[in-house]
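Student: Here it is, the structure in full.
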Amino acid sequence: ILFGVSIFVLMFFYPKGLSKKSLDKCTIKSSIKTVICSILTVLKLRDIWITSVVGAITFGTFLALNMLWAPRLLSNLELNTMELGVATAILWLGLAVGAPIADLISNLFKNRRHVISAFAILQGISVIILLYGNLTVHIIYFCMLMFGFFAGGHMLNFTVGSEIVEQKYIRT
Numbered sequence: 026i027l028f029g030v031s032i033f034v035l036m037f038f039y040p041k042g043l044s045k046k047s048l049d050k051c052t053i054k055s056s057i058k059t060v061i062c063s064i065l066t067v068l069k070l071r072d073i074w075i076t077s078v079v080g081a082i083t084f085g086t087f088l089a090l091n092m093l094w095a096p097r098l099l100s101n102l103e104l105n106t107m108e109l110g111v112a113t114a115i116l117w118l119g120l121a122v123g124a125p126i127a128d129l130i131s132n133l134f135k136n137r138r139h140v141i142s143a144f145a146i147l148q149g150i151s152v153i154i155l156l157y158g159n160l161t162v163h164i165i166y167f168c169m170l171m172f173g174f175f176a177g178g179h180m181l182n183f184t185v186g187s188e189i190v191e192q193k194y195i196r197t
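Numbering-wise, the sequence shown is residues 26 to 197 according to the working numbering.
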């Protein structure tokens, strides 16, 4: 914060020293044009749309469960505040463990799309078990861990996306 305030104050004392030349504006304009052209090139690829939608659904479900659904769902299952906090933290632990393991499994089978599909299905099954109700706290923890673990499969969508596009468009 102090660094930002310092730069702001320095701009009043050295307005000409920090201004850009017209040559730099041309460079910025050409850079922006290059970025927009790259984005449009990538958006023309059908497979990019598919992997983006799948990634958005699997991670979106994870995020919605963690931030919105889990506190309400688990409080209805009569978990106390401490158990509720542990259960939602376990989701993130599962994601942290599941993402690299999903990559290892996809490398083992040499097929990322099947691993993504399997992880998405297993993620759904773990939610169905959670919705069943009348579960002990340990089964709830296990289901939350598995849900987070299988949500880690969404990270493979980034790898699939990088394999679809040409090397120069990977950062796009």
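Yeah, the Cβ is synthetic: ideal placement off N, Cα and C, and Gly gets one too.
(1) Please go through the same chain and pick out, in chain order, the residues whose beta-carbon is closer than 8 Å to the beta-carbon of Trp117, but skip the five residues on each side of it.
(2) Please return the same chain residues whose Cβ sits closer than 6 Å to the Cβ of Leu99, not counting the five positions on each side in sequence.
(3) Nearest-angstrom Cα distance between Leu170 and Ser55?
(4) For Ile75 and Val30, what's the separation of their Cα atoms in angstroms?
(5) Buried or exposed for Leu68, please, with buried defined as at least 16 other CB atoms from any protein chain shown within 10 angstroms of its CB.
(6) Confirm, please, whether the CB-CB distance from Thr83 to Ala145 is below 8 Å.
(7) Roughly how many angstroms lie between the CA atoms of Arg71 and Leu104, to the nearest whole one?
(8) Helix, strand or coil for Asn182, going by three-state DSSP, please let me know.
(9) Could you please give the first and the last residue of the uninterrupted alpha helix (DSSP H) stretch that includes Asn136?
(10) Closer than 6 Å by C-beta to Ile154: which residues in its own chain qualify, once you throw out the five before and the five after it? Chain order, please.
(11) Count the other CB atoms, across all protein chains shown, that sit within 10 Å of the CB of Ile141; report buried if there are 16 or more and exposed otherwise.
(12) So, using beta-carbon positions, are Ile126 and Gly177 closer together than 8 Å?
(13) Give the C-beta separation of Leu102 and Ile165 to the nearest angstrom, bearing in mind that I take them to be a contact with Cβ-Cβ under 8 Å.
(14) Considering Trp74, what are the terminal residues of the alpha helix (DSSP H) in which it resides?
(15) Going straight from the alpha carbon of Ala95 to that of Leu181, what length do you get?
(16) Could you have a look at Val190 and say whether DSSP puts it in helix, strand or coil?
(17) Considering just the uninterrupted stretch of the alpha helix (DSSP H) at Gly177, what are its terminal residues?
Tutor: By the coordinates alone:
(1) Asn91, Gly173
(2) Leu109, Ala112
(3) 47 Å
(4) 43 Å
(5) exposed
(6) yes
(7) 44 Å
(8) helix
(9) That residue, Asn136, is in no alpha helix (DSSP H); it is neither H nor E in DSSP.
(10) Cys168
(11) buried
(12) yes
(13) 7 Å
(14) 71 to 89
(15) 24 Å
(16) coil
(17) Here Gly177 belongs to no alpha helix (DSSP H), and DSSP marks it neither H nor E.
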